[in-house]
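Q: Structure in structure tokens, see below.
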Amino acid sequence: MIQVCSQCGTRWNVRDRRRDWCPRCRGALMAPLADMPPADPRWSTQQRGPSAPAAPPAWQRAVPRLPPGFRWIAVRPGAPPAARRPRRPLGPTPRYAVIPRWGLTDRIQTAAADEPAARTGPSTAAVRVALFVSVLVLSIAALVYVVRYVLLVINRNTLLNSWVAIAADWLGVLASVAAVAAVITSGVLLIQWLIARRAAVFAHHGLSEQRSVRALWAGCVIPVANLLWAPVYVIEVAIMEEHYSRLRRQITEWWIAWAFSYAASIVAMITSFATDPQGIANNTALMVFAYLLAAVAVAAAARVFEAFVRKPVERPAHRWIIASPDLPGRPAAPASAAPVELEGEEPAA
């Protein structure tokens with residue numbers, strides 16, 4: 003069984019097994035032929051002899067038919083095309099013991115990568131809850147000392163039960179401890195919020211904080227000094243945010259209430275060492291006024307805090323609007339006295 007390659011024309015004796023590809027050029031092998039037919043005598047280049055039969059006329063000639071399995075292949079004239087450049091071997095497949103760090107990675111450039119992270123203070127809800135609880139505890143403490151004063155008045159003529167006296171003493175102590183804890187908690191939260199608010203305001207305006215965190219804490223915590231420096235820090239923030247004119251009244255009221263509360267607390271602490279009945283009664287009355295003034299001061303601080311919270315740092319303090327010239331009370335714009343167009347011309351559209 004013979005198979006001929008369609009590319010190089012090599013004849014291969016495949017015996018009884020049919021093949022598809024040429025072992026030499028990897029070309030397609032044509033259909034197998036058991037025996038090849040004799041060549042066409044017209045293709046012979048030898049000259050015919052005198053006894054050779056004459057060729058049939060042209061009109062009797064038939065188109066030569068190729069044996070089965072052969073086909074005509076068109077070859078362009080001229081020099082053969084240039085050989086293709088062989089591809090460079092890529093080499094072995096790379097292997098990595100770990101996932102490589104290079105590749106298609108998203109490089110996100112952050113403008114503030116080298117800058118310190120913005121200081122975040124307590125949440126608004128936490129500060130509101132602390133202020134509300136402080137006002138409530140201070141009011142309850144003032145009510146407890148009112149009851150204690152009433153019991154002192156009753157004790158002038160009637161001997162009180164020992165359990166009632168012990169309960170009155172311990173209720174006063176517990177109310178004082180709760181009031182001090184509530185005021186300290188709300189004060190710490192307010193200081194943290196003030197520091198974070200100042201950092202946000204200065205960062206929004208592209209400026210650096212003028213005062214350190216330690217200085218802010220010292221100015222708000224040290225007794226007597228905080229009465230002066232804490233309002234100053236708040237005023238500086240209001241001026242930077244350009245709405246101090248609207249907060250001046252709230253800040254002033256808070257400052258005055260805090261000063262009176264400071265004075266009442268100092269006097270109440272000084273008179274708390276009295277041992278005579280009249281001195282104890284006077285101290286109890288002073289404690290009532292001290293707790294009430296402290297509650298008023300905390301409420302005033304809450305008003306200042308809410309005024310700051312209502313206005314975010316990014317929102318401007320002033321909003322510009324378009325005013326119509328036809329509003330009542332506004333003078334109309336003066337009309338042009340001289341015409342713009344020349345005489346005899348129509349006005350422009």
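In our numbering, each residue's number is its place in the sequence shown (first place is 1) plus 2. A virtual CB, placed ideally from N, CA and C, is assigned to each residue, including glycine. From a predicted model like this one, the values you see are computed outputs, not experimental measurements.
1. Find the nearest neighbour of A217 within the set G208, A205, R200, H206, judged by alpha-carbon distance.
2. Going by DSSP in three states, L173 sits in which element: helix, strand or coil?
3. If we count Cβ pairs, one from each stretch, closer than 8 Å, do we get three or more for the segment 134-151 versus the segment 292-303?
4. By Cβ distance, which residues of its chain are closer than 8 Å to I352, with the 5 residues on each side in sequence left out?
5. How would you label S46, buried or exposed, when you count the other beta carbons within 10 angstroms and need 16 or more for buried?
6. Short of 7 Å in beta carbon distance, which residues of its chain neighbour H207, apart from the five on each side in sequence? Order them along the chain.
7. List the endpoints of the continuous alpha helix (DSSP H) containing N163.
8. Check for me: the alpha helix (DSSP H) holding R26 runs from which residue to which?
9. If you draw a straight line from the alpha carbon of T187 to that of A132, how long is it in whole angstroms?
10. How would you call W260, buried or exposed, if buried means at least 16 neighbouring beta carbons within 10 angstroms?
11. Determine the extent of the alpha helix (DSSP H) in which R19 is found, giving its start and end residues.
12. Would you tell me roughly how many angstroms separate the C-alpha atoms of N15 and Q9, rounded to the nearest one?
13. Three or more beta-carbon pairs under 8 Å between the segment 309-316 and the segment 149-158, yes or no?
14. Assign P34 to one of two classes, buried (16 or more other C-beta atoms within 10 Å of its C-beta) or exposed (fewer than that).
15. I'd like to know whether the C-beta atoms of A184 and Y293 end up nearer to each other than 8 Å.
16. Using 10 angstroms around the beta-carbon of V175, count the other beta-carbons present and answer buried if the total reaches 16, otherwise exposed.
17. Determine the closest residue to L209 out of A270, V239, P82, with distance taken between C-alpha atoms.
18. If we count the other Cβ atoms within 10 Å of its Cβ and call it buried at 16 or more, is D18 buried or exposed?
19. Could you give the residue range of the alpha helix (DSSP H) that holds V311?
20. Suppose contacts are defined by Cβ-Cβ distances below 8 Å. Is S177 in contact with V146 by that definition?
21. Return the residue from the list I156, L295, G29 that minimises the CA-CA distance to A283.
22. Go through its chain and collect everything with a Cβ distance to T273's Cβ below 8 Å, but skip five positions before and after it.
A: According to the structure data:
1. R200
2. helix
3. yes
4. In the structure as shown, the chain begins at 3 and stops at 351. Residue 352 is therefore absent and cannot be evaluated.
5. Only weak support exists for where S46 lies, its pLDDT of 45 falling under 50; the coordinates are left without a value.
6. M242
7. No alpha helix (DSSP H) holds N163; DSSP gives it neither H nor E.
8. Careful: R26 lies outside any alpha helix (DSSP H) and carries neither H nor E.
9. 7 Å
10. buried
11. Run containing R19: none; DSSP gives neither H nor E here.
12. 16 Å
13. no
14. buried
15. no
16. exposed
17. V239
18. exposed
19. 279-311
20. Here residue 177 is Ala; the residue named in the question, Ser, does not match the sequence. Yes; because the gap between Cβ atoms is below 8 Å, this pair is in contact.
21. I156
22. G281, N284, N285, L288
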